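Residue numbers for the sequence shown follow numbering that gives the first Met the number 0, beginning at 0 and rising by one. We treat Cβ as the ideally placed atom computed from N, Cα and C, and that holds for glycine. As the structure is a computational prediction, the values presented were derived from the model and not from experiment. Notes for the one structure printed next.
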Amino acid sequence: MLPELKWLVDLQELDKIIRGVTQDLERLPEELQAANTVLEELQGEREAQAQELESLQKQRAETEKEVAEMEEGIKTSRQRLMEIKSNIEYKAMLKEIAFKEDQRDHKETRVLELLELMEAQKQSLAEQDQRLQEQQELVASRSKEVETQVGKLQAELAILEKQRKELRKGVSAPLLKRYEFIRQRRNGTAISPVHEGVCFGCHMNILPQQFIDLQKGEEILQCPHCQRILYWQDEVEVLEGDLSRGAS
Ligand SMILES: [Zn+2]
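What follows is the structure in structure tokens.
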């Protein structure tokens, strides 16, 4: 194999590792952002629940005030009852008092209902606080982890980039350019082994004459189907690895 191609194979391996590290570096903050979004949603829900509780408290206060006012009205009516002389008026007033008492009872029932609703709301608020706290803890610990991991990956990336620079020195500028061009269009695999006349980038047969030329190892050839740069690989074992890393 041409020495330049050997460099290129190594460079491709390294570029794939760099791509993995770069993807991790992008993914980690996104994961953290997702956990933060959940936290914000929980906070929003909590706020809505707290507002609901507040509204129930207000309704309760208002209804209790109404009950007190009705109580007052009933008291006044009872006092007036003493002063009434006519039998008809007396009966009418009794009826009115009974009606007011009925209304008051109705309101009192409503106060009890509101108290129950408030209890339930307080309960769900407490549960929400629990969820919120758990999520806050999760975000805090995850954010520490991410910070550590990002630091590690950045250090790793710096070393890899240095190695990459070195490897690129072994390849001529035009071939590097071709490599980058194909790599971008072929999902990171620009150079591919050929075994028994088959390109392992696209699993198609290359031309017989190309295969003969390839085995001579004198010139740089590209697959007629996927345009990948080719090298001859006689040993199948090595190929398995290349296969699993796969190409489009
Ligand atoms: Zn091919």
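- A heavy atom of ligand 1 is found nearer than 7 Å to the CB of S191.
- Short of 8 Å from the beta carbon of V197, and not among the five residues preceding or following it, lie these beta carbons of its own chain, in chain order: M203, N204, I205.
- G150 has its CB no nearer than 7 Å to any heavy atom of ligand 1.
- With contacts defined as CB atoms closer than 8 Å, Q209 and L220 qualify as a contacting pair.
- Per DSSP, the continuous beta strand (DSSP E) segment holding P192 begins and ends at 190–194.
- In the structure shown, the three-state DSSP call for N186 is coil.
- Straight across, the Cα-Cα distance linking K121 with K161 is about 59 Å.
- Counting of Cβ neighbours within 10 angstroms places L113 among the buried residues, the total reaching 16 or more.
- Between E3 and G216, the C-beta spacing is not below 8 Å.
- Three or more beta-carbon pairs drawn from the segment 37–51 and the segment 117–134 are found closer than 8 Å, and the two stretches are therefore classed as touching.
- Under the three-state reduction of DSSP output, V170 falls in the coil class, being neither helix nor strand.
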